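Position in the sequence shown (from 1) plus 60 gives the number in the numbering used here.
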Amino acid sequence: PWKLPFIGHLHHMGGLPHHTLRDLAKKHGPLMLLQLGEVPTLIVSSPKVAKKVLKVNDTVFADRPALLAAKTGTYNFTDIIFSPFGKYWRQLRKICFQELFSIKKVQMMWSIRDEEVSNLIKKISSMAGSSVNMSEMINSVSNDIISRAAFGKKCKDKEVFLSLMHESMSLAGGFDLADLYPSKKFLHGIKEDVVDVILRLNEDNELAIPMENDNIKAVIQNIFIAGSDTSSTAVIWGLSEIMRNPRVMEKVQTEVREIFNGKETINESDINELKYLNLVVRETLRMHPPTGIIPPRECRETCEIDGYEIPKGTRLIVNAWAMGRDPEFWSNPERFEPERFETLSIDYKGNDFEYIPFGAGRRMCPGLLLGVANVELLLAKLLYHFDWKLTDGLQPEELDMTEVFGGVVVRKVDLKLIPTIYSALDAEI
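Shown next, in the form of structure tokens:
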């Protein structure tokens with residue numbers, strides 16, 4: 061694409077970079093080198109090229125750029141997301157996968173997740189028949205779940221904290237002006253919860269590199285941003301798509317109620333029986349990967365991709381949103397069709413590059429198991445306990461699905477719905 065002095069290709073970028081970059085890729089190909097301000101940036105928009113940078117050359121692109129907002133918000137890059145590739149990062153990754161977000165640890169968090177979702181159901185029940193801001197409700201309960209998992213208790217001043225967290229996520233997306241022109245230059249309130257795990261490993265001298273308080277706070281901030289913001293975004297988009305597609309609503313609600321009806325309590329094995337709900341979640345993540353573009357990486361050494369020399373220090377952006385809607389790999393990509401996954405052996409664990417909502421390779425999201433578990437539980441309980449309709453007499457096809465990009469891709473307009481109680485909470489108990 062043509063560029064201008066000083067700003068380079070920035071004038072091509074709109075408010076929705078995942079859309080803009082997809083449109084540019086249609087004209088100029090799936091591998092583009094753009095100049096965003098002073099920063100040379102490699103844009104990848106196809107599964108074939110994504111595999112080359114995220115798998116074949118994974119270690120070459122294993123670094124993160126030194127974003128200004130990330131430096132401030134992560135205590136000088138001491139977190140899991142933005143810490144430089146090396147021994148310290150490997151240690152954090154090991155803690156996340158083996159201690160914090162393993163299948164066993166996620167299962168141990170069931171009681172926390174179930175209790176907080178039950179509190180949400182009670183709150184919505186008290187508002188039955190009136191308009192409920194589901195975006196606010198879902199953001200709030202996601203924060204409560206992650207807060208209790210991290211600290212063993214809910215955080216105070218939740219609204220202020222959520223606002224700060226969203227702002228942090230937005231600035232860490234890599235499109236802040238200070239990060240495009242590098243030459244022009246909250247967590248104290250702390251069972252074995254996440255904090256206890258890290259402190260125990262530290263005190264027992266099980267860590268090759270000791271962690272200071274700021275290091276621990278940086279990791280906890282990651283858990284909030286990755287665990288709360290992204291999962292709540294997926295639930296809100298999932299519920300939005302279900303409301304826009306009455307056929308899907310009827311099918312998924314029938315499944316949930318057949319599995320849950322008559323049970324004294326609901327447990328994780330019941331959630332695992334919800335096969336169609338799982339398809340709905342996977343289709344939601346295809347159409348609405350939480351971050352749109354995976355967090356930026358940086359080339360550690362000069363390499364060659366598809367015959368092009370990529371200089372050391374080049375920033376990498378992979379457009380997961382574009383690949384999830386690529387008509388070369390997906391039939392009717394703009395249609396919400398959960399059934400497509402019945403015949404596809406594709407998952408979200410970073411092995412299938414046409415579908416990488418949580419990234420891929422060494423730097424993929426370590427909390428994806430917890431995130432998906434939260435999404436499935438929230439949607440299942442909301443669909444079981446309530447029937448839903450849109451406000452103001454809107455028809456399904458009239459629901460506004462406009463996006464806003466800010467680190468995560470969220471609805472521009474909050475999702476407001478009217479619930480009618482199908483099954484009171486005490487009927488389940």
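No residue lacks a Cβ here, since even glycine has one placed at the ideal position from N, Cα and C.
If you're wondering where the values come from, they're calculated on a predicted model, not measured in any experiment.
The beta strand (DSSP E) enclosing residue i, as first and last residue numbers
i: Asp447; result: Phe446 to Leu450
i: Gly466; result: Glu463 to Gly466
i: Lys111; result: Taken as a continuous stretch (DSSP letters only), Lys111 belongs to no beta strand (DSSP E), being part of the alpha helix (DSSP H) at Pro107 to Lys111.
i: Leu477; result: Lys476 to Ile481
Collapsed DSSP secondary structure at residue i in the structure displayed
i: Gln95; result: strand
i: Thr362; result: coil
i: Lys441; result: helix
i: Thr119; result: coil
i: Thr403; result: coil
i: Thr138; result: coil
i: Gly74; result: coil
i: Gly322; result: coil
i: Gly421; result: helix
i: Leu64; result: strand
i: Pro125; result: coil
i: Pro456; result: helix
i: Ile198; result: helix
i: Val308; result: helix
i: Arg208; result: helix
i: Pro398; result: helix
i: Val469; result: strand
i: Asn411; result: coil
i: Met229; result: Because the pLDDT of Met229 is 49, which lies under 50, any placement of that residue in the model is unreliable, and the question is left without a value.
CB of residue i within 7 Å of CB of residue j, strictly
i: Val435; j: Ser300; result: no
i: Gln95; j: Gly75; result: no
i: Ser105; j: Asn379; result: yes
i: Ile370; j: Leu102; result: yes
i: Lys476; j: Asn199; result: no
i: Leu437; j: Val177; result: yes
i: Val492; j: Arg375; result: The structure shown does not extend to residue 492, since the chain is modelled only from 61 through 489, so no value can be given for it.
i: Arg65; j: Phe413; result: Arg is not the amino acid found at residue 65; the sequence shown has Pro there. No. Outside cutoff.
i: Ile481; j: Ser191; result: no
i: Pro61; j: His72; result: yes
i: Ile377; j: Ile353; result: yes
i: Ile478; j: Lys441; result: no
i: Gly421; j: Leu114; result: yes
i: Ser202; j: Ser288; result: yes
i: Phe157; j: Pro350; result: no
i: Met309; j: Leu459; result: no
i: Gly298; j: Leu428; result: no
i: Glu364; j: Lys372; result: no
i: Ala209; j: Met169; result: yes
i: Val312; j: Val340; result: yes
i: Ile140; j: Leu128; result: no
i: Arg173; j: Ile206; result: no
i: Thr293; j: Val468; result: yes
i: Pro456; j: Pro306; result: yes
i: Tyr408; j: Asp274; result: no
The alpha helix (DSSP H) enclosing residue i, as first and last residue numbers
i: Leu299; result: Thr290 to Arg304
i: Thr80; result: Pro77 to His88
i: Ala380; result: Ala380 to Gly384
Residue i beta carbon near the ligand GDP (any heavy atom closer than 6 Å)
i: Arg317; result: For the structure depicted, the ligand GDP is absent and the ligand set is empty, with no information on it obtainable.
Whole-Å CB distance - residue i paired with residue j, under 8 Å assumed
i: Glu397; j: Glu343; result: 7 Å
i: Ala130; j: Phe145; result: Not quite, the Cβ-Cβ distance comes to about 15 Å (not below 8 Å), so this is no contact.
i: Arg357; j: Arg400; result: Not confirmed; about 29 Å, so no contact.
i: Glu315; j: Leu334; result: 6 Å
i: Val470; j: Thr462; result: That belief does not hold up - the Cβ atoms of Val470 and Thr462 are roughly 10 Å apart, past 8 Å.
i: Pro77; j: Phe465; result: 6 Å
Ordered list of alpha helix (DSSP H) runs contained in the region 150-192, each at least 4 residues
Here the runs fully enclosed are 163-168 and 170-185.
Segments of 3+ residues assigned as beta strand (DSSP E) that fall wholly inside the region 329-378:
If we require 3 residues or more, the beta strand (DSSP E) runs fully inside the region 329-378 come out as 363-365, 368-370 and 375-378.
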